[in-house]
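In our numbering, the protein residues as written are 313 to 586. All C-beta atoms, glycine included, are put in the ideal place defined by N, C-alpha and C. Report on the structure given below.
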């Protein structure tokens, strides 16, 4: 009986010793790292957001009219976009386009009011369409990416540096746009998501194509002098004809005189012989 008791006693000591040894040899768990991976700072926008700009969650990106109406100061632009039917074209493109997006450089009402009186009314339908297309970029440009654009910038109106130059210069917190006729600045964000961006302009972007000079018509005095060589030629021809007539008359007279002289000589000879 004592042997059994001793056996269980030593067996219990053995188990206790083994458990203690395994616990002491187990590696301590490493403490959780409290440091967080630093995130890259988001690029600073070059254009500030306007106080009256609608939130992207409150607006429908495929309804330009609603966005511009909510921003309030674009009544002239809205009227032009509707009358030329470009508004419906833009909305349709935003609905169907899956990539790329659009950027609209939107002049406000004060920008249009600074134009020469009667300028818009002097444009025909095609010129109005070209003017509006000149304010639309066929790509989405974030407010922090204007400095990545290559000049001249492509617009919906085209990319002809001799007719439709559009150059963007981003410095600090300002974005300036030059067309060769006017220098404008982007003064704020009207709307922006990952598909559509609308920026407010302080001036209307006038294409250089509208102001290319044509060759002036000739003045009356210059037009008369341009025809002078023909008149001089006609006078010269008349003089030559008169000279030919005179020469012809002169040669006839000389022939007559020669004939009379020969006749007189003959008569003299006959008289002498008699």
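{"Check": "State the beta-bridge partners of residue 418 as determined by DSSP.", "Outcome": "512"}
{"Check": "In chain order, what residues of the same chain lie with their CB nearer than 8 Å to the CB of residue 420, ignoring the 5 residues before and after it?", "Outcome": "385, 386, 389, 512, 513 and 514"}
{"Check": "Evaluate residue 430 with the Cβ neighbour count: other Cβ atoms within 10 Å of its Cβ, from every protein chain shown; 16 or more gives buried, anything less gives exposed.", "Outcome": "exposed"}
{"Check": "What distance in whole Å lies between the Cβ atoms of residue 478 and residue 465, which are believed to be in contact at a cut-off of 8 Å?", "Outcome": "5 Å"}
{"Check": "Cβ of residue 477 less than 8 Å from any chain C Cβ?", "Outcome": "Given the protein chain composition of this structure (a single chain), no chain C is represented."}
{"Check": "Any contact of the region 485-505 with the region 398-408, i.e. 3+ C-beta pairs under 8 Å?", "Outcome": "no"}
{"Check": "Residue ranges of each beta strand (DSSP E) run of no fewer than 3 residues wholly in the region 431-513, ordered along the chain?", "Outcome": "479-483, 486-490, 495-504 and 508-513"}
{"Check": "Shortest alpha-carbon distance to residue 461 belongs to which of 521, 415 and 475?", "Outcome": "415"}
{"Check": "Going by the CB atoms, is the gap between residue 439 and residue 522 shorter than 8 Å?", "Outcome": "yes"}
{"Check": "How big is the Cα-Cα spacing for residue 507 and residue 448?", "Outcome": "13 Å"}
{"Check": "Cutting at 8 Å between CB atoms, please list the residues of its own chain near residue 475, excluding the five before and the five after it.", "Outcome": "519, 520, 521 and 524"}
{"Check": "Near residue 398, which residues of its chain fall below 6 Å by C-beta distance, leaving aside the five closest residues on each side in sequence?", "Outcome": "444"}
{"Check": "Using a Cβ-Cβ cutoff of less than 6 Å, which residues in the same chain neighbour residue 441 once the five nearest sequence positions on both sides are dropped?", "Outcome": "396"}
{"Check": "I need the straight-line Cα distance from residue 510 to residue 454, nearest angstrom please.", "Outcome": "10 Å"}
{"Check": "To the nearest angstrom, how far is it from the Cα of residue 437 to the Cα of residue 404?", "Outcome": "21 Å"}
{"Check": "Considering only C-alpha positions, which residue in the set 480, 446, 452 and 458 is nearest to residue 468?", "Outcome": "446"}
{"Check": "Can you tell me the Cα-Cα spacing of residue 489 and residue 517, whole angstroms?", "Outcome": "8 Å"}
{"Check": "Roughly how many angstroms separate the alpha carbons of residue 472 and residue 491, rounded to a whole number?", "Outcome": "12 Å"}
{"Check": "Using the beta-carbon count (16 or more within 10 Å), is residue 392 buried or exposed?", "Outcome": "buried"}
{"Check": "So is residue 483 buried or exposed if we call it buried at 16+ other beta carbons inside 10 Å?", "Outcome": "exposed"}
{"Check": "Have a look at residue 401 and residue 376 and give me their C-alpha separation to the nearest angstrom.", "Outcome": "10 Å"}
{"Check": "Work out the CA separation of residue 434 and residue 458 for me, nearest whole Å.", "Outcome": "33 Å"}
{"Check": "Helix, strand or coil: which one does DSSP assign to residue 393?", "Outcome": "helix"}
{"Check": "With 16 as the cutoff for other CB atoms within 10 Å, does residue 412 come out buried or exposed?", "Outcome": "exposed"}
{"Check": "Quick one: what's got a C-beta closer than 7 Å to residue 423's C-beta in the same chain, skipping five residues either side?", "Outcome": "513, 514, 515 and 516"}
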